[in-house]
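Numbering (full-length UniProt numbering), first residue to last: 7 to 252. The structure under discussion appears below in the form of C-alpha cells.
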Ligand code: SAM
C-alpha cells in the first residue's frame, strides 16, 4: 500500500520535516512509505569516506561511484523504481513533472553533496531504470536534501487522500486545465474590512460566474506582472477579448 519513496543521503536527519503536517499524516495513514538510507553505511574505510578529488582537476570533491552503486543495489534489489537525482544542471522540476511522479508506485531519490555524484552512476542505472536529473530552480544549494524535500512535498500533496479537499489543487498556480500557465491570484478571508483595507466586493457578491471571471482576471494580471515568460507560453486560443485587454 502507498507510494514508496527511498531517499539516500549523507544527512538523513535533514528529512525530519517529513514527519510533520500533510506528509506526516500521509505516512501515518499508509499513503506514503518513506524509507531513509544513510549513504555512509556503504562506505567501509574507517573515515566512512564518500567523496574524492575530481578527475581533470578543479575545486571541490565528487561522490564516489562504488559507494552509490552498493547503496542503490541494496535499496532496489530486483526492483525498478524511477530514480530522481537532484542537480542544478537537471531538467526543471515543474507541477507537470510532480503530477507525473505522483503517478509512480516507487521513487528513489539520490541526494548529492559537494560537486555532485560521479556521472557514471546515472549512466549505469539509466540502463536499468528511468533516471531523471532534476533541478528545482536556477540557484545552487549545498546539497540535494532540500531539493528532495521540495519535490516530495509537491508530489505528496497530489496523492489521493492527502489533501483534505480534493479541489484544493485544482485552482493552484500551474494546475492543469484553465490555470495551466497562470499564477493563482490574491485570496482573502474574514473580516471584510481590516485596517481600512476592503475585500474586493465581487467576492462578497455570491455571484459564482462573476467570482470566477474576477479570479481569472487577477490570475492573468499577476502572471503578466511576475512571470512574463509564462504569459508568452499561454495558448492564444484560450484568451478571449477581455483577457487581451489586460
Ligand atoms: N557543481 C554543481 C553544479 O554547478 O551543477 C553544484 C553542486 S551543488 C553545490 C551540490 C548538490 O546540491 C548537487 O549535487 C545537488 O544534489 C544539490 N543541488 C544544488 N542546487 C540544486 C538545484 N537547484 N536543484 C536540485 N538540486 C540542487
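Note that CB positions come from ideal geometry on N, CA and C, so glycine has one too.
Worksheet item: Quick one: does the C-beta of residue 161 sit closer than 7 Å to a heavy atom of the ligand SAM?
Response: Counted from its first residue, the chain shown places residue 161 at position 155. Relative to the ligand SAM, even the nearest heavy atom lies 7 Å or more away from the CB of residue 161.
Worksheet item: Exposed or buried, residue 176, counting other C-beta atoms within 10 Å across all chains shown (16 or more means buried)?
Response: One-based indexing of the chain shown puts residue 176 at position 170. So residue 176 ends up on the exposed side.
Practice prompt. Whole angstroms is fine: what's the gap from residue 164's alpha carbon to residue 178's?
Written response: The residue you call residue 164 lines up with position 158 of the chain shown. The residue you call residue 178 lines up with position 172 of the chain shown. Taking the straight line joining both Cα atoms gives about 11 Å.
Worksheet item: Quick one: any contact between the stretch 67 to 79 and the stretch 101 to 113, if contact means 3 or more CB pairs under 8 Å?
Response: With a cut-off of 8 Å, the stretch 101 to 113 and the stretch 67 to 79 do not count as touching, because too few Cβ pairs lie within range.
Practice prompt. Report buried or exposed for residue 171, applying the criterion of at least 16 other Cβ atoms within 10 angstroms of its Cβ.
Written response: Taking the chain shown and counting its residues from 1, one reaches residue 171 at position 165. Its Cβ having fewer than 16 others within 10 Å, residue 171 is exposed.
Fill in: Whole-angstrom distance between residue 198 and residue 144, CA atom to CA atom
The residue you call residue 144 lines up with position 138 of the chain shown. The residue you call residue 198 lines up with position 192 of the chain shown. C-alpha separation (whole angstroms): 39 Å.
Discussion item. Tell me the DSSP secondary structure of residue 213 in three-state form.
Written reply: Counting from one through the chain shown, the residue named residue 213 turns up at place 207. Here residue 213 sits in coil by DSSP.
Worksheet item: How big is the Cα-Cα spacing for residue 213 and residue 222?
Response: Within the chain shown, the letter at position 207 stands for residue 213. Within the chain shown, the letter at position 216 stands for residue 222. The straight-line gap from Cα to Cα measures roughly 14 Å.
Worksheet item: Under the rule that 16 or more other beta-carbon atoms within 10 Å means buried, what is residue 140, buried or exposed?
Response: Along the chain shown, one-based indexing puts residue 140 at 134. Buried.
Item to complete: Report yes if the C-beta of residue 125 is less than 7 Å from at least one heavy atom of the ligand SAM; otherwise report no.
Response: Position 119 of the chain shown, counted from the first residue, corresponds to residue 125. No, Cβ of residue 125 sits at least 7 Å from all heavy atoms of the ligand SAM.
Practice prompt. Quick one: which unbroken beta strand (DSSP E) runs of 3-plus residues sit fully inside the stretch 19 to 94? Chain order, please.
Written response: List check, beta strand (DSSP E) in window: 38 to 44.
Fill in: Cβ-Cβ distance between residue 135 and residue 86 below 8 Å
On the chain shown, position 129 is the one that residue 135 refers to. On the chain shown, position 80 is the one that residue 86 refers to. Yes, they are a contact pair.
Worksheet item: Does the stretch 43 to 57 come close enough to the stretch 12 to 23 that 3 or more CB-CB pairs lie under 8 Å?
Response: These segments touch.
Worksheet entry | Unbroken alpha helix (DSSP H) run spanning residue 1, endpoints | Since the first residue shown for the chain is 7 and the last is 252, residue 1 is missing from the structure and cannot be characterised.
Worksheet entry | First through last residue of the beta strand (DSSP E) which encompasses residue 114 | Reading the chain shown from its first residue, position 108 is the one you call residue 114. From DSSP, the beta strand (DSSP E) with residue 114 extends over 112 to 116.
Practice prompt. Please state if the CB of residue 67 and the CB of residue 120 are separated by a distance shorter than 8 Å.
Written response: Stepping through the chain shown from its first residue, residue 120 is reached at position 114. Stepping through the chain shown from its first residue, residue 67 is reached at position 61. It is a contact, given that the beta carbons lie within the stated cut-off.
Worksheet item: Just how far apart, CA to CA, sit residue 238 and residue 206?
Response: On the chain shown, residue 238 is found 232 positions in, with the first residue counted as 1. On the chain shown, residue 206 is found 200 positions in, with the first residue counted as 1. Computed Cα separation, rounded: 28 Å.
Discussion item. With a threshold of 7 Å on Cβ separation, who are the neighbours of residue 127 within its own chain once the five nearest residues in sequence on each side are excluded?
Written reply: Stepping through the chain shown from its first residue, residue 127 is reached at position 121. Excluding sequence neighbours, residue 127 sits near 71, 74, 75.
Worksheet item: Opposite residue 10 in the DSSP bridges: which residues?
Response: Here the question's residue 10 lines up with position 4 in the chain shown. Listed as beta-bridge partners of residue 10 by DSSP are 39, 112.
Item to complete: Using the Cα positions of residue 234 and residue 220, report the straight-line distance between them to the nearest angstrom.
Response: Counted from its first residue, the chain shown places residue 234 at position 228. Counted from its first residue, the chain shown places residue 220 at position 214. If I take the Cα positions, the gap works out to 20 Å.
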